[in-house]
Structure formats: structure tokens, C-alpha cells
Amino acid sequence: AETKTEGIEVKKSRLLLLPRSYVEGTSARQYNQLTRGAAQKGLLNDDRRQLERLRVIARRLIPHTTRFDPDAQRWRWEVNIINSPTMNAFCMPGGKIAFYSGLVDGLKLDDNEIAVIMGHEMAHALLEHGRARMSEQVLKVAGVNIAAAVLNLGSLSAALLDKAADLALTLPYSRSHETDADLAGIDIAARAGFDPRAAV
Numbered sequence: 045a046e047t048k049t050e051g052i053e054v055k056k057s058r059l060l061l062l063p064r065s066y067v068e069g070t071s072a073r074q075y076n077q078l079t080r081g082a083a084q085k086g087l088l089n090d091d092r093r094q095l096e097r098l099r100v101i102a103r104r105l106i107p108h109t110t111r112f113d114p115d116a117q118r119w120r121w122e123v124n125i126i127n128s129p130t131m132n133a134f135c136m137p138g139g140k141i142a143f144y145s146g147l148v149d150g151l152k153l154d155d156n157e158i159a160v161i162m163g164h165e166m167a168h169a170l171l172e173h174g175r176a177r178m179s180e181q182v183l184k185v186a187g188v189n190i191a192a193a194v195l196n197l198g199s200l201s202a203a204l205l206d207k208a209a210d211l212a213l214t215l216p217y218s219r220s221h222e223t224d225a226d227l228a229g230i231d232i233a234a235r236a237g238f239d240p241r242a243a244v
């Protein structure tokens, strides 16, 4: 379905085989494992100033997310920073956000640049790109078609579903998903008072 919000036209994913509750629950478990593992290695939120900076930006963006998904108001948003040279950031379904220090420090990002990146990652979750990708992976990993999966979803093993979820987390998004996340993310950041030109 196409989402129109005052000039921004983006498409929500259509292949949403897996229930939202399952996708958000699985994402929360994966996120907890990641942050717990980073904490055990002393790599989680070791720069409190940088962490607070990210969380302040997130608090400004979050009120504008419901334009793309009204359910975002019930999400338990979370932001953490992992000390790693990795140049990456993500937002999982359900609002679980992580930035790697390599991205923030390595590129010396200012608040506007962080905001448009965070908005972009939030948009992937709001437009249900992760849920769609997880659904695609279930079909591939299980070797079944959509009709069979709908009828037998409950019989799929937890191990198979977890494997599909892991693949969904690591595979890149499609070009159309990235374009829509750019548009929605810039919209969110601009409405929160950040300079959308930072997206360049």
C-alpha cells in the first residue's frame, strides 16, 4: 500500500507473511543478544556523551515516526552505541536502534548527519522492510510457497524461523527499499528540525 504524507510517497512492503508480533519479538531477542554480547566485551555505550547525543536526537525524531506507521507510538524505542570500527547503523522492527562508533567518530558526523541516518534506519522499520525481508527468507529457507506457508506457519520449526531472521538481518535491502527509506527518513529528520541537506 502506498503511504502519502504531504508530498512524500513511499510504499509499504506487501509480502508480510509473518505476524508483526513475531517479527518484533524476534528482532528484540536479536538486539538483546547483540547488546548483551557487546556489554560483556566492554564495547557497549562506553562513551556516555556520545550515547546521550544519539538519544537526544532519537527523542526529537520519534514523535514524527507515526506519520508512516501509527503503531510506532507503542514501540519500546531503544538506542545504543557499540564501540566498533564498523561503518553502520540500523533500526530493527519495533524500534531497536544501534549505531557503531566507527560511523559516528570515523566520519565525524554532526547532529544533522546523524539525524538523517537515524531517520533513514527508522524508516526501514516503519515501512516494514525488515518484516518483508524476514518473510521472504522464510519462504526461501522453508522451500514453500506463500499459500503453504500461510496454512502451515505454526508447524515451521523455531530453528528454521531463527535462521530466516538471521539472514534477514544481514542481507542488504533492495534499491527501492533504500530509496523509500531515504525519502521517509529525510522527512522525519526535517520535521524534527534537522537540516535535510545533510543527507547528501
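Going by this note's numbering, the first residue of the sequence shown is number 45, and it counts up by one from there. Every residue gets a Cβ at the ideal spot worked out from N, C-alpha and C, and that includes glycine.
In the three-state reduction of the DSSP assignment, residue 133 falls in the strand class, which pools E and B. In the structure shown, residue 54 falls within a strand segment according to DSSP collapsed to helix, strand and coil. The C-beta distance from residue 61 to residue 182 rounds to 6 Å, short enough to meet the 8 Å contact threshold.
Between the region 150-162 and the region 171-178 there are fewer than three inter-stretch CB-CB distances shorter than 8 Å, so the stretches are not counted as touching. When C-beta atoms of the region 68-85 are compared with those of the region 104-114, fewer than three pairs fall below 8 Å, so the two segments do not count as touching. For residue 85, the secondary structure class from DSSP, reduced to helix, strand or coil, is coil.
Only exposed fits residue 223, as fewer than 16 other CB atoms lie within 10 angstroms of its CB. When rounded, the separation of the alpha-carbon atoms in residue 64 and residue 88 is 28 Å.
Annotation: residue 93 to residue 100 spans about 11 Å, alpha carbon to alpha carbon.
Linking residue 98 to residue 119 through their CA atoms gives a straight-line distance of about 18 Å.
Its chain contains 141, 165, 166, 168 and 169 as the residues whose beta carbon lies nearer than 7 Å to that of residue 135, once the 5 sequence neighbours on both sides are disregarded; these appear in chain order.
Look at residue 152 here: in three-state DSSP terms it is coil, with no helix or strand label. Around the Cβ of residue 231, a 10 Å sphere holds 16 or more other Cβ atoms; the residue is buried.
Within its own chain, the residues whose Cβ lies closer than 7 Å to the Cβ of residue 236, once the five positions on either side in sequence are excluded, are 104, 105, 108 and 159, listed in chain order.
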